[in-house]
Each structure stands twice: as C-alpha cells, then as structure tokens.
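Novice: First, the structure itself, so that you have it in front of you.
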Amino acid sequence: MIRCIMTFVYRWQNDMPEYLILKRNPTLGGYWQPVTGYIDEPETNRYAALREFHEETGIVEYERIFDPQHYYFFDMNGITCSISVLAVEVNNHADVQLSFEHTAYMWVDYHEAQTMLHWKNNIEALQILHQKLLLTKE
556 MIRCIMTFVY
566 RWQNDMPEYL
576 ILKRNPTLGG
586 YWQPVTGYID
596 EPETNRYAAL
606 REFHEETGIV
616 EYERIFDPQH
626 YYFFDMNGIT
636 CSISVLAVEV
646 NNHADVQLSF
656 EHTAYMWVDY
666 HEAQTMLHWK
676 NNIEALQILH
686 QKLLLTKE
C-alpha cells in the first residue's frame, strides 16, 4: 500500500474559508485539485503535508495546520493508496509560486471549489473539512 497526502490550503475571507485549487499540468491530467502527493517513509502526515504544500505552492509561511481527521483509500492503477487529508491555513497575502505540476491556481469559496474539483473523493474531503472549519469559528 502507498501512503498519500491531500492538503487543502485555505485562508479566511469575511469569516468564511476560501480554498486554493490548483490546475494540474495537461500531461498530468489537466484537472483541478488541492495539493497532493506521496508520503515518503518515514515522514509523518504533517511533515509530508507541509513539504508538498511548499513544493507545489511555493508558500513558505503558514498560520496553522488543521487536521479534520479524515482519510480514505483509493485504487491507483491496481495499487491501494491510503490518503490522509490535512489543511494548511495561510494569511491573506500568501504569494503562490506554482511548481511544474500545475499551470494555474484560483482562490475560491466552498461552493465554487465543489464544482471545480475533479475527483469525487476530493469533493467529499472538502465537505468534511469545510464543516469542521466552520465549527472552529463558532
């Protein structure tokens, strides 16, 4: 089994989270998704999330890491992948510098993110994360 990480990057706008969605390079599928990647043993989920976050967005500083305590399994070409979901909060002035894996990015609200995300499991993970983030603001 392969261990993977999915990291949603978010910032607060008028007491609502806004999500950073990245567009994959056409040779890598060309679809919109959050930060994703493999967990290199013996990395922890937190370390892998921060490494991938930095590699794919170029953002160095962050406010906090939020763990919605959600994971799922995904079949990747016949190999089971365990995907852990984390979120990284950044300030409103974070400067995004995309890696070669992506061609574009957008900061979008929850509803727009739902329509843009390509994979059903990405949408489900976002739903869980969004609900838990809103509870932290109450």
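Residue 556 is where the sequence shown starts when you use my numbering, and the numbers rise one by one after that. Idealized CB from N, CA, C, for every residue including glycine.
Return the bridge partner residues of Phe628 from the DSSP annotation.
Specialist: Counting from 1 along the sequence shown, the entry for residue 628 is found at position 73. The partner list for Phe628 (beta bridge, DSSP) reads Ser637.
Novice: Let me check understanding here. Comparing Cα to Cα, which of Pro589, Glu679, Asp595 lies closest to Val694?
Specialist: Given a span of 556 to 693 for the chain in the structure shown, any question on residue 694 remains unanswerable.
Novice: On the criterion of 16 or more Cβ atoms from any shown chain inside 10 Å, does Asn677 qualify as buried, or is it exposed?
Specialist: Working through the sequence shown from its first residue, we reach residue 677 at position 122. Counting Cβ neighbours within 10 Å, Asn677 comes out buried, since at least 16 surround it.
Novice: Can you tell me which of the three DSSP states Leu653 falls into?
Specialist: Counted from its first residue, the sequence shown places residue 653 at position 98. It is coil, neither helix nor strand.
Novice: Cα-Cα, which of Ile634, His609, Arg558 is closest to Val645?
Specialist: Here residue 645 refers to the residue found at position 90 of the sequence shown. The option with the nearest alpha carbon to Val645 is His609.
Novice: I'd like the span of the beta strand (DSSP E) that includes Ile594, first residue to last.
Specialist: Here residue 594 corresponds to residue number 39 of the sequence shown, with the count starting at 1. Here Ile594 belongs to no beta strand (DSSP E), and DSSP marks it neither H nor E.
Novice: Determine the burial state of Ile594: buried for a count of at least 16 other Cβ atoms within 10 Å of its Cβ, exposed for fewer.
Specialist: Taking the sequence shown and counting its residues from 1, one reaches residue 594 at position 39. By the 10 Å Cβ count, Ile594 comes out buried.
Novice: Do Ala642 and Leu684 have their beta-carbon atoms positioned less than 8 angstroms apart in this structure?
Specialist: By one-based count along the sequence shown, residue 684 stands at place 129. By one-based count along the sequence shown, residue 642 stands at place 87. Closer than 8 angstroms, so yes.
Novice: Would you decide whether Lys692 is buried or exposed? Buried here means 16 or more other CB atoms lie within 10 Å of its CB.
Specialist: Walking along the sequence shown from the start, residue 692 turns up at place 137. Exposed.
Novice: Looking at Tyr574: is its Cβ nearer than 8 angstroms to the Cβ of Tyr565?
Specialist: Locating residue 574 in the sequence shown gives position 19, where the first residue counts as 1. Locating residue 565 in the sequence shown gives position 10, where the first residue counts as 1. Yes.
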